[in-house]
Every structure is written in structure tokens, then in C-alpha cells.
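Here is the structure we will look at.
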Amino acid sequence: MSTRQRLYKITSVAAWEAREDIVPWAEIDRTDGFVHLSAAHQVRETAAKHFAGRTDLVLLGLDPEKLEALKWEPSRGGALFPHVYGDIPVSAVTTVDRLPGVAPADFPEHVPS
Numbered sequence: 065m066s067t068r069q070r071l072y073k074i075t076s077v078a079a080w081e082a083r084e085d086i087v088p089w090a091e092i093d094r095t096d097g098f099v100h101l102s103a104a105h106q107v108r109e110t111a112a113k114h115f116a117g118r119t120d121l122v123l124l125g126l127d128p129e130k131l132e133a134l135k136w137e138p139s140r141g142g143a144l145f146p147h148v149y150g151d152i153p154v155s156a157v158t159t160v161d162r163l164p165g166v167a168p169a170d171f172p173e174h175v176p177s
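If you use the working numbering, the sequence shown corresponds to residues 65 to 177, in order.
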């Protein structure tokens, strides 16, 4: 896997607005002990599986060069997913897009299908 491609994190607007110096951890991140991310081609499936029906979301684009402790590990169906074992600094965020819903048509243009 190339570490140069932008990675993504879906979080709630409230969590993003309440952040301080780090990208907010979701409950599943705290439970699993790492921050779950998606590559561009995984975002839509992640949204459908974990965020269906939600309209209070933002999609954070992340620069992988600024992520320490980034690992690609098997997850859904054996596919490799990016995980970060530690905090992600807000300085790693390159884009913030409001998601009005999780239907594919609602995703920003820079997230490939």
C-alpha cells in the first residue's frame, strides 16, 4: 500500500467542533485501541456499514505522511485498512467536508468511487 494516498476519517460534526489538538477518537477507536481510517476506495462502504442514516458527519482527509504509527492491517473481508496506533494531530487534516448523508451521491468529488 502506498502511504502517499490521502486517508479518511468519518466523525460527527460535534466531535470535530469540540476537538483540541487531535482528531477525535470514536468509541470503537477507544475500544479497539487504535484510530480506524479508510483509504479513498473504502470510505463509502465504511460510511454505509457504520454511519447509515446519519446526517451529522464530516469527512476528514488526512495526509498519511503526518501520521505516526500508521499500520495497514486486515479487516473487513481480509482487506487491508489503515489504522493509527496513537493520536492524530489536527495538522494532518488536509480537508474537512460536511456529509449531508451517507449515500454515494453525498460524498465530495475528491473521494473516488
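The C-beta atom is built at its ideal place from N, Cα and C for all residues, glycine as well.
The structure displayed is predicted, hence computed values, not measured ones.
A distance below 9 Å separates the beta carbons of L121 and F115. Assigned with DSSP and collapsed to three states, A156 falls in helix. K130 has no beta-bridge partner at all, per DSSP.
Non-local beta-carbon contacts of V77 in its own chain, meaning distances under 6 Å to residues more than five positions away in sequence, involve D120, V122 in chain order. Where V148 is concerned, there is no enclosing alpha helix (DSSP H), although the beta strand (DSSP E) around it starts and stops at 144-148.
A straight-line Cα-Cα distance of about 16 Å links P138 and V107. Remark: C-beta atoms of I86 and V154 approach each other more closely than 9 Å.
T110: not part of any beta strand (DSSP E); member of the alpha helix (DSSP H) spanning 107-114, first to last residue.
With a threshold of 16 other beta carbon atoms within 10 Å, Y72 meets it and is buried. W89 is the residue among W89, A103, A111 whose C-alpha sits nearest the C-alpha of G97.
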